[in-house]
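Q: Structure in structure tokens, see below.
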DNA sequence: CAGTGGGCTGACCAGTTGGTTATTATCCTT
DNA sequence: AAGGATAATAACCAACTGGTCAGCCCACTG
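Chains as they are written, first to last, in the numbering used here: chain Y, 66 to 274; chain S, 66 to 274.
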């Protein structure tokens with residue numbers, strides 16, 4: 066699919082190998098030697114180029130984030146473009162992102178915050194323009210909205226298994242399950258207010274205690 | 066918060082320590098010695114009780130799943146009780162679950178499948194009873210619905226940071242952000258069908274190619 | 001009381017880990 | 001062609017990994 070050409074610079078080859086392996090097994094689960102082997106390189110060269118394992122991890126973070134930002138030109142996300150790029154990203158990148166968010170690196174946290182902010186602005190604009198519903202708590206809604214859109218990054222494997230889709234991360238599969246998501250975002254799931262009412266009852270009860 | 070009493074059996078102490086550490090750092094990132102140290106026990110004892118690291122991991126899985134099932138009596142989840150238990154679970158258990166789903170152990174996969182099935186039945190019943198909207202793809206909707214409810218397990222850290230909540234995993238915080246979720250599930254986010262229409266356009270274009 | 005079996009440990013093992021160093025190969029530049 | 005950098009390697013290191021083993025300790029049971 067996107068195997069590296071032989072003449073690709075070793076540094077980039079190492080980074081790609083790390084991306085794949087880190088995403089699949091987690092950073093702590095992958096040795097520098099394993100990365101080196103996949104990049105067809107001595108393990109000392111990895112250290113030579115990146116200084117340490119942590120350095121390699123940071124470079125992977127930076128690279129993936131630059132992909133999401135859509136190139137070196139974009140400094141701050143304007144709308145939901147970053148989200149879209151994330152969902153369309155190739156398999157290894159998606160898996161890596163999922164891990165990064167769960168591991169909670171500072172870089173991933175900053176990216177998450179940025180996406181939530183951009184999304185909140187966009188939804189606010191949508192409310193003004195009439196295509197988005199107003200919310201009682203726009204900040205929390207934006208956060209939840211982003212979290213849900215990102216959820217397939219973490220749970221993609223299960224999603225694809227349950228839906229019987231062969232490759233969890235390709236575009237066709239994404240398209241298939243995203244329809245159900247859009248449906249919920251358009252019509253909701255609940256037909257009446259009883260869940261909302263129940264929530265308010267619980268909240269009131271807790272506040273009383 | 067839930068520190069172990071001194072007279073707790075060593076076996077359970079080890080399991081709890083493993084649960085905490087595995088959840089926080091990932092299974093591969095935690096050594097048996099670290100687990101042993103936190104349980105105040107020699108690392109040989111861990112092997113004595115669980116045979117291997119993999120054995121310990123399996124025991125953690127089984128324990129957490131039994132918690133979600135709500136006790137040894139429950140064999141198959143009846144409704145969304147498992148989901149509720151999961152969302153109310155204490156911090157370490159939540160983190161562990163998030164990891165388990167991302168790592169894709171067979172036990173976690175089975176649990177996920179089971180929850181999706183139970184939820185699909187429940188939503189189907191809801192449609193019949195009138196409190197849930199019908200869906201064009203009930204199976205996919207149930208899968209997405211579950212995935213979204215589970216998303217805070219994986220992204221809870223970021224969610225709490227963005228919302229300015231101190232402790233990501235306590236019940237009050239869960240209550241706060243879940244309101245926004247219920248709001249979306251009740252009213253949706255989009256005010257009209259244009260997202261759905263756009264999706265259909267993309268799908269048609271791809272099918273044409 | 002003897003003994004016996006399980007909880008528990010320290011010492012040990014071979015293999016792996018991230019990282020260092022000295023050395024060689026390969027490339028530009030002038 | 002000479003020179004200086006940079007790419008790349010093999011050999012090595014101390015620390016740590018999961019796992020084994022012989023044996024201690026101590027509560028039971030006969």
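All C-beta atoms, glycine included, are put in the ideal place defined by N, C-alpha and C.
Who are residue 99 (chain S)'s beta bridge partners in DSSP?
A: DSSP, once it has assigned bridges, lists no residue as partnering residue 99 (chain S).
Q: Leaving out five residues before and five after residue 103 (chain Y) in sequence, what residues of the same chain have Cβ atoms less than 8 Å from its Cβ?
A: Cβ neighbours of residue 103 (chain Y) beyond the five flanking positions: 82, 85, 86.
Q: Output the distance between the C-alpha atoms of residue 265 (chain Y) and residue 158 (chain Y), rounded to the nearest integer angstrom.
A: Spanning the two alpha carbons is a distance of roughly 40 Å.
Q: What does the alpha-carbon distance come out to for the pair residue 244 (chain Y) and residue 268 (chain S)?
A: Spanning the two alpha carbons is a distance of roughly 10 Å.
Q: Would you call the stretch 211-220 of chain Y and the stretch 197-214 of chain S in contact, with 3 or more CB pairs under 8 Å?
A: Judged by Cβ distances under 8 Å, the stretch 211-220 of chain Y makes contact with the stretch 197-214 of chain S, as three or more pairs qualify.
Q: What's the C-alpha gap between residue 163 (chain Y) and residue 259 (chain Y)?
A: Spanning the two alpha carbons is a distance of roughly 34 Å.
Q: Locate the alpha helix (DSSP H) running through residue 106 (chain Y), then write down its first and last residues.
A: Unbroken run through residue 106 (chain Y): none, as it is neither H nor E.
Q: From what residue to what residue does the alpha helix (DSSP H) around residue 89 (chain S) run?
A: Unbroken alpha helix (DSSP H) run through residue 89 (chain S): 75-90.
Q: Does the beta-carbon of residue 91 (chain S) have 16 or more other beta-carbons within 10 angstroms, so that it is buried, or is it exposed?
A: Residue 91 (chain S) is buried by the Cβ-count criterion.
Q: Taking DSSP as the reference, what is the three-state secondary structure of residue 155 (chain S)?
A: DSSP places residue 155 (chain S) in coil when its eight states are reduced to three.
Q: What residue range is occupied by the uninterrupted alpha helix (DSSP H) comprising residue 219 (chain S)?
A: Residues 203-228.
Q: If you run the structure through DSSP and keep just helix, strand and coil, what is residue 193 (chain Y)?
A: Residue state, collapsed to three classes: helix.
Q: Quick one: is residue 110 (chain Y) near chain S, going by C-beta distance under 9 Å?
A: Closer than 9 Å: no.
Q: For the stretch 212-226 of chain Y, which residues have a beta carbon sitting closer than 8 Å to at least one beta carbon of chain S?
A: From the stretch 212-226 of chain Y, only 212, 213, 215, 216, 217, 219, 220, 222, 223, 224, 226 have a Cβ closer than 8 Å to chain S.
Q: Going along chain Y, which residues have a C-beta under 9 Å from residue 126 (chain S)?
A: Simply none; closest approach about 15 Å.
Q: Can you check which of these residues, S:230, S:203, S:224, is closest to residue 228 (chain Y) by C-alpha distance?
A: The option with the nearest alpha carbon to residue 228 (chain Y) is S:203.
Q: Any beta carbon of chain Y sitting closer than 9 Å to that of residue 100 (chain S)?
A: Taking Cβ atoms only, chain Y never reaches closer than 9 Å to residue 100 (chain S), which makes this a no.
Q: Pull up the distance between the alpha-carbon of residue 185 (chain S) and that of residue 113 (chain S), whole angstroms please.
A: Taking the straight line joining both Cα atoms gives about 42 Å.
Q: Who are the near neighbours of residue 127 (chain S) in its chain, counting only those whose CB is closer than 8 Å to its CB and skipping five residues on each side?
A: So the qualifying residues of the chain are 172.
Q: So residue 242 (chain S) packs on residue 208 (chain Y), CB below 8 Å; how close in whole Å?
A: Indeed, because the Cβ distance is near 7 Å, the residues count as touching under 8 Å.
Q: Under 9 Å, Cβ to Cβ, is there at least one residue of chain S near residue 237 (chain Y)?
A: Yes, its Cβ sits closer than 9 Å to a Cβ of chain S.
Q: Rank S:237, S:231, S:190, S:118 by C-alpha distance to the C-alpha of residue 59 (chain Y) and give the top, closest one.
A: Residue 59 (chain Y) lies beyond the range of chain Y shown here (66 to 274); nothing can be said about it.
Q: Any idea if residue 73 (chain Y) is buried or exposed, counting beta-carbon neighbours within 10 angstroms, 16 or more meaning buried?
A: Flag for residue 73 (chain Y) reads exposed.
Q: Please name the residue in Y:239, Y:77, Y:117 whose C-alpha comes closest to that of residue 96 (chain Y).
A: Comparing Cα positions, the closest option is Y:117.
Q: Starting from the beta carbon of residue 181 (chain S), find every residue of chain Y whose beta carbon is closer than 7 Å, and list them in chain order.
A: Per Cβ cutoff of 7 Å: 227.
Q: Leaving aside the five residues before and after residue 160 (chain S) along the sequence, list all residues of the same chain whose C-beta is less than 7 Å from its C-beta, in chain order.
A: These residues qualify, in order along the chain: 88, 89.
Q: If you drop the 5 nearest sequence neighbours on each side, which residues of the same chain put their C-beta closer than 8 Å to that of residue 191 (chain Y)?
A: Result list for residue 191 (chain Y): 197, in chain order.
Q: Output the distance between the C-alpha atoms of residue 106 (chain S) and residue 75 (chain S), rounded to the nearest integer angstrom.
A: So the alpha carbons of these two residues sit roughly 8 Å apart.
Q: Using only alpha-carbon positions, find the residue among S:180, S:122, S:181, S:193 that is nearest to residue 168 (chain S).
A: Considering only alpha carbons, the answer is S:122.
Q: Starting from residue 127 (chain Y), trace the alpha helix (DSSP H) in both directions and tell me its first and last residue.
A: Per DSSP, residue 127 (chain Y) belongs to the alpha helix (DSSP H) from 118-134.
Q: Which one of S:176, S:94, S:201, S:206 has the shortest CA to CA distance from residue 187 (chain S)?
A: Comparing Cα-Cα distances from residue 187 (chain S) to each of S:176, S:94, S:201, S:206, the minimum goes to S:206.
Q: List, in chain order, every chain S residue whose beta-carbon is nearer than 7 Å to that of residue 252 (chain Y).
A: Result: 198, 253.
Q: If we count the other Cβ atoms within 10 Å of its Cβ and call it buried at 16 or more, is residue 98 (chain Y) buried or exposed?
A: By the 10 Å Cβ count, residue 98 (chain Y) comes out exposed.
Q: When the cut-off is 9 Å and only beta carbons count, does residue 284 (chain Y) lie next to chain S?
A: What is shown of chain Y runs 66 to 274, which leaves residue 284 (chain Y) out entirely.
Q: Using a Cβ cut-off of 9 Å, pull out every chain Y residue sitting near residue 80 (chain S), in sequence order please.
A: Chain Y residues near residue 80 (chain S): none, gap ~21 Å exceeds 9 Å.
Q: Return the CA-CA distance between residue 125 (chain S) and residue 222 (chain S), expressed in angstroms with no decimal places.
A: If you take the alpha carbons of residue 125 (chain S) and residue 222 (chain S), they lie about 22 Å apart.
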